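Working notes for the structure below.
Residue numbers (the working numbering): -2 to 193.
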């Protein structure tokens, strides 16, 4: 609500750039896309909402990591989700330097963070409903959240491919990037959580 009131114009521009690559590039040229206060708050919201959804799923399915419970488990999940994206920033900066990236990795990374911010806003009511609703209804809500999360991931891949069309980059490099920095970490996370 604070971001909506304080940065309403910027917020609408950010979300318009979700669909239109020209607006995305204009926003990236004109503003501090990763360090602006609204961007940081929205990313923080995404981390908390993603951790809340995972935490509730773990409670419903009677799972845990590191034998933690309650707030300690939620804080650990928040740290893991936040850490994954900090690591993604570091690895992407390294790849940009190594491959002398003309801007594709930076644009894709901005698009990923932008989609995450939208996901954080859209999944907030569903994640809060998980806590409030009767546990018998939680499985259906968890399934809805999982389907929406999968749709966000697919949309990220599609947007990444759309961004890459404007650059003279080999398709092999794009597939390798998506597999190593997007698909592989996701599979490792799913494997760790589902098959503990």
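Built from N, CA and C at the ideal position, the CB exists for glycine as well. Since the structure is predicted, the reported quantities are computational estimates derived from the model, not experimental observations.
Straight-line gap, residue i to residue j (C-alpha atoms, nearest Å)
{"i": "residue 35", "j": "residue 11", "result": "10 Å"}
{"i": "residue 65", "j": "residue 110", "result": "29 Å"}
{"i": "residue 161", "j": "residue 129", "result": "42 Å"}
{"i": "residue 69", "j": "residue 124", "result": "18 Å"}
{"i": "residue 206", "j": "residue 55", "result": "No answer is possible for residue 206: the residues shown for the chain start at -2 and end at 193."}
{"i": "residue 150", "j": "residue 115", "result": "12 Å"}
{"i": "residue 84", "j": "residue 2", "result": "31 Å"}
{"i": "residue 5", "j": "residue 122", "result": "20 Å"}
{"i": "residue 171", "j": "residue 59", "result": "38 Å"}
{"i": "residue 7", "j": "residue 105", "result": "20 Å"}
{"i": "residue 80", "j": "residue 97", "result": "25 Å"}
{"i": "residue 88", "j": "residue 16", "result": "26 Å"}
{"i": "residue 147", "j": "residue 153", "result": "10 Å"}
{"i": "residue 67", "j": "residue 94", "result": "41 Å"}
{"i": "residue 195", "j": "residue 41", "result": "The structure shown does not extend to residue 195, since the chain is modelled only from -2 through 193, so no value can be given for it."}
{"i": "residue 62", "j": "residue 37", "result": "27 Å"}
{"i": "residue 33", "j": "residue 92", "result": "23 Å"}
Nearest-angstrom Cβ-Cβ length linking residue i and residue j, presumed shorter than 8 Å
{"i": "residue 75", "j": "residue 39", "result": "Their Cβ separation, rounded to whole angstroms, is 15 Å, which puts residue 75 and residue 39 out of contact at 8 Å."}
{"i": "residue 142", "j": "residue 120", "result": "6 Å"}
{"i": "residue 159", "j": "residue 18", "result": "6 Å"}
{"i": "residue 135", "j": "residue 78", "result": "Their Cβ separation, rounded to whole angstroms, is 20 Å, which puts residue 135 and residue 78 out of contact at 8 Å."}
{"i": "residue 127", "j": "residue 138", "result": "5 Å"}
{"i": "residue 99", "j": "residue 164", "result": "6 Å"}
Residues of its chain near residue i, where Cβ-Cβ distance is below 6 Å and the 5 sequence neighbours each way are ignored
{"i": "residue 113", "result": "43"}
{"i": "residue 108", "result": "156"}
{"i": "residue 49", "result": "124"}
Cβ-based neighbour list, residue i, same chain, cut-off 7 Å, excluding 5 preceding and 5 following
{"i": "residue 23", "result": "none"}
{"i": "residue 140", "result": "none"}
{"i": "residue 52", "result": "70, 71 and 74"}
{"i": "residue 14", "result": "20, 21, 24 and 111"}
{"i": "residue 237", "result": "There is simply no residue 237 to check, as the chain begins at -2 and stops at 193 in what is shown."}
Any C-beta of chain B under 9 Å from that of residue i
{"i": "residue 120", "result": "In the displayed structure, chain B is absent; only one protein chain is listed."}
Which full runs of the beta strand (DSSP E) of 3+ residues lie inside the region 56 to 91, going along the chain?
none
For the region 94 to 168, list the alpha helix (DSSP H) runs that are entirely contained and at least 4 residues long, ordered along the chain.
101 to 129 and 132 to 161
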